[in-house]
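**Q**
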Amino acid sequence: QVQLVESGGGLVQAGGSLRLSCAASERIFSFNTMDWYRQAPGKQQRELVARITSGGSINYADGVKRRFSISRDSAKMTLDLQMNSLKPEDTAVYYCHVGRSGPDYWGQGTQVTVSS
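Sequential numbering of the sequence shown, starting at 22, is according to this note's numbering.
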């Protein structure tokens, strides 16, 4: 059972920055994909925000390109999300997610609130 623990959420004013971190209980290179998702208030579905693969390919949702940056640290076994120029519409619970052959795993989520 893989454990994922997110940290770094909080309240920030529009235009500000936050850095989220996800600590994994296993080597992160054992995962095929490592992602950040978010679920906005009142929305039932989680949205893929950013993804990095074991091969290093990176993809972002259109709404966060050039503002968010995903990275990984294999030594620390962490997956990070640097969020700049935050907007009120970025308010959501942010979840770390990893996948490989077999089951995938989710963290418990961390709240990000951006005030206008």
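Positions of the beta carbon are idealized from the N, C-alpha and C atoms, including for glycine.
Given a threshold of 16 other Cβ atoms within 10 Å of its Cβ, counted over all protein chains shown, does Ile79 qualify as buried or as exposed?
**A** In the sequence shown, residue 79 corresponds to position 58, counting from 1. Ile79 comes out exposed.
**Q** On the CB-based measure, 16 or more other CB atoms within 10 Å of its CB, does Gly76 come out buried or exposed?
**A** For the purposes of this step, residue 76 is taken as residue 55 along the sequence shown, with counting starting at 1. Label assigned to Gly76: exposed.
**Q** May I ask you to list the residues that DSSP assigns as paired with Phe89?
**A** If you number the sequence shown from 1, residue 89 lands on position 68. Per DSSP, Met104.
**Q** Going straight from the alpha carbon of Glu27 to that of Ala44, what length do you get?
**A** Start at 1 with the first residue of the sequence shown, and residue 27 comes out as number 6. Start at 1 with the first residue of the sequence shown, and residue 44 comes out as number 23. Each residue's Cα considered, the two are about 6 Å apart.
**Q** I need the DSSP call for Glu110, collapsed to helix, strand or coil.
**A** Here residue 110 is taken as the residue at index 89 of the sequence shown, counted from 1. In this structure, Glu110 counts as helix in the three-state DSSP scheme.
**Q** What's the C-alpha gap between Ser120 and Thr112?
**A** Indexing the sequence shown from 1 puts residue 120 at position 99. Indexing the sequence shown from 1 puts residue 112 at position 91. Correcting the residue identity first, residue 120 is Gly in this sequence and not Ser. Distance between the alpha carbons of Gly120 and Thr112: 25 Å.
**Q** Helix, strand or coil: which one does DSSP assign to Asp56?
**A** Here residue 56 corresponds to residue number 35 of the sequence shown, with the count starting at 1. Of the three classes helix, strand and coil, the one that applies to Asp56 here is strand, per DSSP.
**Q** Are there 16 or more other CB atoms within 10 angstroms of the CB of Phe89, so buried, or fewer, so exposed?
**A** As a position in the sequence shown, residue 89 is number 68, starting the count at 1. Burial call: buried.
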